[in-house]
Amino acid sequence: MRDLDVRPATSWNDVETVFGPHGACSDCWCMWFRVPGPRFRAMPPQERKERLQSLVTGAERPPGVLAYLEGAPVGWCAVAPREEHVRLVRSHVTRPADPDETGVWSVTCFYVTRAGRGHGVPAALLRGATAFAAAHGARALEAYPKDTGTRLPAADLYHGWPALFEEAGFTELTRRTPT
């Protein structure tokens with residue numbers, strides 16, 4: 000078995016290595032859930048990148064965790080208090096039953112490089128995100144896996160998939176409509 004380790008995302012160089020030149024997917028730079036829709040669409044990719052960089056290097060708590068395979072960064076998982084993800088509360092798909100509930104953290108995004116695929120990186124990232132959230136006082140951790148019943152390209156699985164969370168001990172509380 001290859002050496003797989005998950006750590007808080009405190010190295011901007013490692014985040015950049017995982018995300019590549021296009022911010023993981025479509026120049027998002029993991030800002031989709033953190034920035035309201037009109038503002039996100041108007042925000043140039045470079046500004047999204049700079050916002051993520053400031054969260055990684057300047058915040059008291061990093062915005063996620065990184066997976067390392069044989070010492071090389073190969074995966075990312077965004078995990079933070081739910082209130083930091085403004086789109087979760089506004090979306091009819093992910094709106095929480097009780098948006099004022101405190102201590103709830105959210106896993107919003109996974110990204111695994113080609114080199115990291117096929118090595119159990121998403122499961123390791125989820126374990127690491129769960130431990131990270133707990134260490135920072137999370138009372139509960141929620142996620143929004145995509146259940147389509149069909150095989151999807153890797154880029155469409157950024158929320159994760161139901162079995163990933165079920166195998167990690169998560170319990171489904173609500174099933175939202177896809178739109």
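Quick note: the sequence shown, position 142, residue 141 per numbering that gives the first Met the number 0, numbers continuous. Every residue, glycine too, gets a C-beta built ideally from N, C-alpha and C.
*Reducing DSSP to helix, strand and coil, say where E69 ends up.*
In the structure shown, E69 sits in coil (DSSP, three-state: anything other than H, G, I, E or B).
*Beta-carbon proximity check, V78 vs T9, cutoff 8 Å*: No, these two residues do not count as a Cβ contact at 8 Å.
*asked:* Determine, for R60, whether the minimum Cβ-Cβ distance to residues of chain B falls below 8 Å.
replied: Among the chains in the structure shown there is no chain B, since it carries only a single protein chain.
_Strictly by DSSP, which residues pair up with A79?_
A79 is bridged to S105.
_Nearest-angstrom beta carbon gap, T16 and P80 [assumed within contact, 8 Å]_ = Rounded, the Cβ-Cβ distance is 26 Å, inconsistent with contact.
*Span of the beta strand (DSSP E) around E100*: For E100, no beta strand (DSSP E) segment is defined, and its DSSP state is neither H nor E.
_Close-in-space but distant-in-sequence residues of the same chain around Q52 (CB under 6 Å, 5 per side omitted)_ = Within the same chain, Q52 has close Cβ partners W11.
*Can you name the residues that DSSP bridges to L140?*
For L140, which the question treats as bridged, DSSP gives the partners W104.
*asked:* If you reduce the DSSP assignment to three classes, tell me which class D13 lands in.
replied: Helix.
*What number of angstroms, rounded off, separates the C-alpha of C29 from the C-alpha of R38?*
Cα-Cα distance, rounded: 14 Å.
*Which residue or residues does DSSP assign as beta-bridge partners of V64?*
DSSP lists P7 and C76 as partners of V64.
_Considering only DSSP beta bridges, list what V111 is partnered with._
Under DSSP, V111 shares a beta bridge with G74.
_Just to confirm my understanding: we take H118, look at its own chain, exclude 5 residues before and 5 after, and list those with CB closer than 8 Å. What are they?_
The answer, listed in chain order, is R1, L3, L68 and V73.
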